[in-house]
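Numbering (the working numbering), first residue to last: 243 to 408.
Notes follow the structure.
This is the structure in structure tokens:
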């Protein structure tokens, strides 16, 4: 455990984060585990596959997780790829991160893609396939403006800050 003091604040890498809210889960498949955190303080809770499937090279599939949930108003669920699956097998999520809105009550599904161009990837029922991050969200009011204020970045987009030679 890493513990250090910064001024009057003591920070520990193993300090549990107190949950801000309770997420109600409807188990559509009672044989699967609920989303859970692998370690104290983790941001992402593991989501599990409810089915067996093989993703061929370059293929994608919508994979059931066997759960539905009731997120409180003001929260969203963000579905992220698992870093180990991405690094070791080229498995990612097509719409990363996927967004689960607070009003959605259907089954949580994950759109997996096999980016490996040679090797198929087998998903077994119960495998951890994605991570769910619960996050507060702020809604916005959108208003039309004739002009926008100037910034140092301006209209520079896609690659405008440099770093890659191409």
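We treat Cβ as the ideally placed atom computed from N, Cα and C, and that holds for glycine.
query, result
"Nearest-angstrom Cα distance between residue 328 and residue 311?", "26 Å"
"Could you give the first and the last residue of the continuous alpha helix (DSSP H) run that contains residue 326?", "325-331"
"Decide yes or no for the touch test of the segment 288-296 against the segment 328-337: beta carbon pairs closer than 8 Å, at least 3 of them.", "no"
"Determine the direct distance from the alpha carbon of residue 309 to that of residue 395, and round the result to whole angstroms.", "43 Å"
"For residue 395, name the three-state secondary structure that DSSP assigns.", "coil"
"If residue 384 and residue 344 are in contact, beta carbons under 8 Å, what's the gap, nearest whole angstrom?", "Incorrect: roughly 19 Å between the Cβ atoms, too far for contact."
"Would you kindly check if the distance between the Cβ of residue 302 and the Cβ of residue 355 is under 7 Å?", "yes"
"With DSSP collapsed to three states, give me the class of residue 386.", "coil"
"Between residue 373 and chain C, is any beta-carbon pair separated by less than 7 Å?", "The structure shown has no chain C; it contains just one protein chain."
"Would residue 374 and residue 326 be called neighbours here (beta carbons separated by less than 7 Å)?", "no"
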